[in-house]
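**Q**
Protein chains in written order, with my numbering: chain A, 225 to 852; chain B, 4 to 183.
#1: Of all the options A:572, A:602, A:617 and A:576, which has the alpha carbon lying nearest to the alpha carbon of residue 589 of chain A?
#2: Taking the straight line between their C-alpha atoms, what separation do you get for residue 276 of chain A and residue 42 of chain B?
#3: Could you list the residues in the region 114-144 of chain B with a C-beta less than 8 Å from some C-beta on chain D, going in chain order?
#4: Listed from N- to C-terminal order along the chain, which residues in the region 709-740 of chain A have their beta-carbon within a distance smaller than 7 Å of any beta-carbon of chain B?
#5: Can you check whether the CB of residue 625 of chain A is closer than 8 Å to the CB of residue 674 of chain A?
#6: Quick check on residue 104 of chain B: does DSSP put it in helix, strand or coil?
#7: At a Cβ threshold of 8 Å, is residue 641 of chain A touching chain B?
#8: Buried or exposed: which applies to residue 86 of chain B, given that a residue is buried once 16 or more other Cβ atoms fall within 10 Å of its Cβ?
#9: Residue 736 of chain A to residue 591 of chain A, Cα distance in whole Å?
#10: What residue range does the beta strand (DSSP E) around residue 726 of chain A cover?
#11: Report yes if the CB atom of residue 696 of chain A is closer than 8 Å to the CB atom of residue 708 of chain A, and no otherwise.
#12: Which of the three DSSP states is assigned to residue 89 of chain B in this structure?
#13: If you reduce the DSSP assignment to three classes, tell me which class residue 613 of chain A lands in.
#14: Would you identify the three-state DSSP class for residue 199 of chain B, choosing helix, strand or coil?
#15: Residue 112 of chain B versus chain A: which residues are under 9 Å apart at the beta carbon?
#16: Any Cβ of chain A within less than 8 Å of the Cβ of residue 173 of chain B?
#17: For a contact meaning CB atoms closer than 9 Å, what does residue 32 of chain B contact in chain A?
#18: Compare the Cα-Cα distances from residue 720 of chain A to each of B:24, B:62, B:164 and B:39 and report the closest residue.
#19: Taking the beta strand (DSSP E) that residue 41 of chain B falls in, what are its first and last residues?
#20: Quick one: list the residues of chain A neighbouring residue 67 of chain B, beta-carbon separation under 7 Å, in chain order.
#21: Can you grab the Cα-Cα spacing for the pair residue 152 of chain B / residue 19 of chain B, in whole Å?
#22: Quick check on residue 838 of chain A: does DSSP put it in helix, strand or coil?
#23: Can you tell me the Cα-Cα spacing of residue 605 of chain A and residue 667 of chain A, whole angstroms?
#24: Flag this pair as yes or no: are the beta carbons of residue 148 of chain B and residue 100 of chain B separated by less than 8 Å?
#25: Taking the continuous alpha helix (DSSP H) assigned at residue 767 of chain A, which residues delimit it?
#26: Check the Cβ-Cβ distances between residue 638 of chain A and every residue of chain B, and say whether any is below 8 Å.
#27: Taking beta-carbon pairs under 8 Å, can you tell me which members of the region 77-93 of chain B lie near chain A?
#28: Hey, how far is the Cα of residue 748 of chain A from the Cα of residue 579 of chain A?
#29: Determine which residues of the region 4-16 of chain B have a Cβ less than 7 Å from any Cβ of chain A, and write them out in chain order.
#30: Taking a Cβ distance cut-off of 7 Å, strictly less, list which residues of the region 680-696 of chain A are near chain B, in chain order.
#31: Identify whether residue 164 of chain B lies in helix, strand or coil by the three-state DSSP scheme.
#32: What residues of chain A sit near residue 71 of chain B, judged by a beta carbon separation below 8 Å?
#33: Find out if the Cβ-Cβ distance for the pair residue 711 of chain A, residue 563 of chain A is shorter than 8 Å.
#34: Where residue 763 of chain A and residue 846 of chain A are concerned, what is the direct C-alpha to C-alpha distance, given to the nearest angstrom?
#35: Could you say which of A:821, A:831 and A:820 lies nearest to residue 804 of chain A if we only look at CA atoms?
#36: What's the C-alpha gap between residue 817 of chain A and residue 5 of chain B?
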């Protein structure tokens, strides 16, 4: 133990053994969270589990499910393959070591549970209840987003003959991913009105939603919404009256009056008037709007866009509201206009705001146990003895640990140096779990630095077979090699090629993982510079590179491999042209490739069409998950 | 990548024998999979033969590492054992030293092991013998060379050095840049 370790608690009781599937990390049955299941579980039980980690959101309540996990088609290899098929699994994922989100609770040590309960109590409430109120009470179409970040779609490509069609696709399970603690919103969306007060109160009462409850809650929420709206309207009117004096020359003055009184009288909400282009210009020349105005404007725009027919001011088009909102988002959160618009178009309005909010919050720290050297329970024990506050991540993984707080630097403990764990985002486990490399196989990781996924694969293969770890950047191969050695992976060959040179260098791999270089829009919380330095050209270049890489990756897989024939494609960005578009391109260019279910239980299906572009139907097998 | 020459092999095995002695034969003749030593850019790698055969298809300028790096040959031709070889050393070590929890951190910072930090030591360890350093939980922390034999160690005062530090796992952080 370090000499400065503060022994805050006594020896914890030993961890209960988590259910482990022999050799198969994530199975469908792990942490199944169907919408129905969640709703019918009893509240207290759920609460207990919630307090351990992020609460699952009942997907029925939520409009959408976030959390995409690629369903690993592990079932496929075990079945006798009629015609050897190659399945390429595509995954999009949050890349990165530090962040972790979207994991499930796991039944585990009582001691840990008790410790973590206090930590999680409040944060979970907020997360969970936010949704309850939403759908029932407000007119909003969009449900609140818990999952903040979208990852790209996860898909599996199956390179094989037509016989493959017979194989039953693994059913995609709806699963809610656990979100990290949601920060108090800076821009409360409409749904917040319901959640703010009810967080603490309602959490315990959140039982199955009955008619009685709904009515009562509806009324309560309506009352609250009305109250808040009145307050907002008041503010608006004050602001407008103050600002009117300077806007005399603008034609909108009359409009302003009319709108205010007209709509304000009706509902007490619509005192908000969308500034015209001229007004915005004036604002800019005055040195930019102040934060509060922007905040208010954003909130109002979101509300209006939520139910345009009812709330929109007369004569103002939807696109004006959208445009104002986007430029406000850009100025408020610090994005450039291009990126703000691009990300805004990926989500419904309220989700988009949630997304931007979430990118401001740092993700929790997670670590992955190195099964070559230790076991999760032993590692947890050792770290707790050093004074680290941690908890196992969830049912879907038996190697993940989430670190809450630590009195010692988590990246410098003797256990870390001895290679017992790796700092890695929880979402980074997913592509490897979906790929499921088997012992004795030949596996390629085309963009592997700094080596989190490579070492994970080597651990899954139990140091047998061979893993080719490639990275185009020679300087980054240093850290890759260092991590490989530190974690004791003996079957890794590290090389430094441009990924597009495979399979010329060597081909015939059983499985290939392509964690493509991307724009990083999914990990903005880790690297805020992405907000400003990405332009349209960057996306075009990246997309082109990714398309080339994926074709090379497909060609490197050996279609008639006895045990494999899979490719997993993943990125850490949320945009469509880096994910669905690339996968669709690959499907078109390589007709012998098929998309397969990922075997992961959470995640939202990828888009099959987006803003005029249509993709193959099979792309719904891919998974978008928000992750930490 | 090329196989080691006679002199190079001799140098490597001499160094290894200092720590694991006769157990070198376990490295060379393994029951499960035959392994071999290969040289790439002055570094000695210990790798299974099947992996090595696949790695041949990687060109020399592009090959960074294969299997486990044991150490490297310095410019003057001496072989220096690196911390990355710890796994194998710890497995086959003949003489071991365990240090107390309060002595872990100083050793990981690169200091020598003092008598005050000594937990256990294998009996009849001669002087200037290569030893592997463990924590009390049997986690290998590094290796070194004894300053005194076991019998002499008993007579020393607590601030005396008993094991000279050669390599420790803290180097993964301290020498990140130069390790590879």
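Glycine included, C-beta positions come from ideal geometry on N, C-alpha and C.
**A** This is what the structure holds:
#1: A:617
#2: Bear in mind that a pLDDT of 35 at residue 276 of chain A, under 50, signals an unreliable position, so the number given afterwards is only what the model happens to contain. Near 50 Å, if we compare the C-alpha coordinates of residue 42 of chain B and residue 276 of chain A.
#3: This model lacks chain D altogether; the protein chains it does include are A and B.
#4: 709, 710, 712, 714, 715, 717, 718, 719, 720, 721, 729 and 730
#5: Not closer than 8 Å, so no.
#6: Three-state result, residue 104 of chain B: helix.
#7: Yes, residue 641 of chain A lies at the interface with chain B (some Cβ there is under 8 Å from its Cβ).
#8: buried
#9: 24 Å
#10: No beta strand (DSSP E) contains residue 726 of chain A, which DSSP labels as neither H nor E.
#11: no
#12: helix
#13: strand
#14: Nothing can be reported for residue 199 of chain B: it is not among the residues displayed for chain B, which extend from 4 to 183.
#15: Per Cβ cutoff of 9 Å: no residues; residue 112 of chain B is ~11 Å from chain A at best.
#16: Nearest CB-CB separation between residue 173 of chain B and chain A: below the 8 Å threshold.
#17: In chain order: nothing, as chain A lies at least about 17 Å away.
#18: B:62
#19: 38-43
#20: 701, 705, 718, 719 and 720
#21: It is roughly 20 Å from the alpha-carbon of residue 152 of chain B to the alpha-carbon of residue 19 of chain B.
#22: strand
#23: 33 Å
#24: no
#25: 760-780
#26: yes
#27: 87 and 90
#28: Roughly 10 Å between the two C-alpha positions.
#29: none
#30: 690
#31: strand
#32: 709 and 714
#33: no
#34: 21 Å
#35: A:831
#36: About 39 Å.
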